[in-house]
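*Asks:* Residue 25 in UniProt numbering is what sits at position 25 of the sequence shown, and the numbering runs on without skipping anything.
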Amino acid sequence: MFRRSAMVALLVPGAAVLAFGFLYPVAVTLAAPPDGDPATVARETAALLSDPYLLPVIARTIRVAVVTTAACLLLGFPVAYLISRAPARWAGKLLALAIFPLMLNTVVRTYGWLVLLGSNGLISEVSAALGLGRTQLLYTETAIDLGLVQLFLPIMILSCYSSLSQQDPRLEEAARGLGASPGRAFRQVVLPLAVPGALVGCTLVFAGAVTAFTTPQLLGGARERLLSTLLYSRVNVSLDWPAASAVALIMTVLVLAVSALSGRLGPKGVSR
Numbered sequence: 001m002f003r004r005s006a007m008v009a010l011l012v013p014g015a016a017v018l019a020f021g022f023l024y025p026v027a028v029t030l031a032a033p034p035d036g037d038p039a040t041v042a043r044e045t046a047a048l049l050s051d052p053y054l055l056p057v058i059a060r061t062i063r064v065a066v067v068t069t070a071a072c073l074l075l076g077f078p079v080a081y082l083i084s085r086a087p088a089r090w091a092g093k094l095l096a097l098a099i100f101p102l103m104l105n106t107v108v109r110t111y112g113w114l115v116l117l118g119s120n121g122l123i124s125e126v127s128a129a130l131g132l133g134r135t136q137l138l139y140t141e142t143a144i145d146l147g148l149v150q151l152f153l154p155i156m157i158l159s160c161y162s163s164l165s166q167q168d169p170r171l172e173e174a175a176r177g178l179g180a181s182p183g184r185a186f187r188q189v190v191l192p193l194a195v196p197g198a199l200v201g202c203t204l205v206f207a208g209a210v211t212a213f214t215t216p217q218l219l220g221g222a223r224e225r226l227l228s229t230l231l232y233s234r235v236n237v238s239l240d241w242p243a244a245s246a247v248a249l250i251m252t253v254l255v256l257a258v259s260a261l262s263g264r265l266g267p268k269g270v271s272r
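Structural data, given as structure tokens:
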């Protein structure tokens, strides 16, 4: 009883900071923002979902988030697998190298793509040298995808590595000893055990891609708007708080829906 009371006492300060510093402001912003009320937010949300000029923004946001998540999974899972199977003296160094980009500022990492994707950037120069003409990838949806993949790939690697590193390599060896090919052992032994980490990584990357602002703003500009850049415009340009709350509400619903789907597809969902 004393130990339980001590644990509760230790949780109270952090829970209070979370409630009053995050949950309460978010609830107020979504439900009753300044100069608005729940009814106004509901009307703005309905108007946003029926506006033919804004529906493409929602569709583009979902498309970018899905492409980013899929690309991070395809690129990050093999890297995490190789790190988890590397010798102990190399695994820590390789993992540190994989997550090193997280130590750099997002703006710095995104500005690197401005150098590569601009009309006078490296990719355009190489394309011109090959006789293909100059290419302008900057301020396109492709540029946003590339920037977000580079931004969130370390998170996917960490999430997948957390599951793969806990697996006993002898399980895969046992499957091979029983006659399974390397590919079949990987599909039937390694992949099912790695599903929880991969799902967590997909959820984190999707949520990050939906809510990311700096990278879409710098690489997409005003032409390729996402919900995050639209939210910024509603708050800081037009000062329309009810409309901003409607955009934030849609973003929140998208993230919660994917989180719920991830929970359904977890080990219990997979076993069914």
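The beta-carbon is built from N, C-alpha and C at its ideal position, and this holds for glycine as well.
All values derive from a computational prediction rather than experimental measurement.
Hey, would you say L199 sits closer than 8 Å to I58, going by beta carbons?
*Replies:* No, Cβ-Cβ distance for L199 and I58 is not below 8 Å.
*Asks:* For V149 and R3, I'd like the C-alpha separation in whole angstroms.
*Replies:* C-alpha separation (whole angstroms): 44 Å.
*Asks:* Just the C-alpha distance for R89 and R109, rounded to the nearest angstrom, thanks.
*Replies:* When rounded, the distance between both Cα atoms is 29 Å.
*Asks:* When you compare only the Cα positions, how much space is there between L122 and G112?
*Replies:* Looking at the two C-alpha atoms, the distance is approximately 11 Å.
*Asks:* Buried or exposed for G147, please, with buried defined as at least 16 other CB atoms from any protein chain shown within 10 angstroms of its CB.
*Replies:* Answer is buried; the Cβ neighbour count reaches 16.
*Asks:* Does the beta-carbon of E173 have 16 or more other beta-carbons within 10 angstroms, so that it is buried, or is it exposed?
*Replies:* Classification of E173: exposed, given that the 10 Å Cβ count is below 16.
*Asks:* Since V237 is in the alpha helix (DSSP H), which residue starts that stretch and which ends it?
*Replies:* Where V237 is concerned, there is no enclosing alpha helix (DSSP H), given that its DSSP letter is neither H nor E.
*Asks:* Within 10 angstroms of the Cβ of F77, are there 16 or more other Cβ atoms? Answer buried if so, exposed if not.
*Replies:* Looking at its Cβ environment, which holds 16 or more other Cβ atoms inside 10 Å, F77 is buried.
*Asks:* Quick check: the stretch 152-161 against the stretch 61-73, are at least 3 beta-carbon pairs closer than 8 Å?
*Replies:* Result yes; three or more Cβ-Cβ pairs closer than 8 Å.
*Asks:* Are L254 and V210 touching if we call contact CB-CB under 8 Å?
*Replies:* Closer than 8 Å, so yes.
*Asks:* Please go through the same chain and pick out, in chain order, the residues whose beta-carbon is closer than 7 Å to the beta-carbon of A65, but skip the five residues on each side of it.
*Replies:* Here the set comprises F206, A209 and V210.
*Asks:* Compare the C-alpha of L158 against each of A185, L95 and A257 and name the closest.
*Replies:* Minimum Cα distance to L158 is reached at L95.
*Asks:* Could you tell me the distance, in whole angstroms, from the CA atom of A180 to the CA atom of G197?
*Replies:* Looking at the two C-alpha atoms, the distance is approximately 24 Å.
*Asks:* Taking only three categories from DSSP, how would you classify F77?
*Replies:* Helix at F77.
*Asks:* What residue from A143, L55 and R184 has the CA that sits closest to V115's CA?
*Replies:* That would be A143, whose Cα lies nearest to the Cα of V115.
*Asks:* Which residues in the same chain as L218 place their Cβ atom closer than 6 Å to its Cβ, once the five residues preceding and following it in sequence are excluded?
*Replies:* So the list reads T110, once near-sequence residues are dropped.
*Asks:* Nearest-angstrom Cα distance between Q136 and V67?
*Replies:* If I take the Cα positions, the gap works out to 20 Å.
*Asks:* When you compare only the Cα positions, how much space is there between V12 and P25?
*Replies:* Answer to the nearest angstrom: the Cα atoms are 19 Å apart.
*Asks:* Which stretch, first to last residue, makes up the alpha helix (DSSP H) that contains P38?
*Replies:* Taken as a continuous stretch (DSSP letters only), the alpha helix (DSSP H) holding P38 covers P38 to S50.
*Asks:* Buried or exposed: which applies to D37, given that a residue is buried once 16 or more other Cβ atoms fall within 10 Å of its Cβ?
*Replies:* Exposed: under 16 other Cβ atoms inside 10 Å.
*Asks:* Taking all protein chains shown into account, decide if D51 is buried (16 or more other Cβ within 10 angstroms of its Cβ) or exposed.
*Replies:* Under this definition D51 is an exposed residue.
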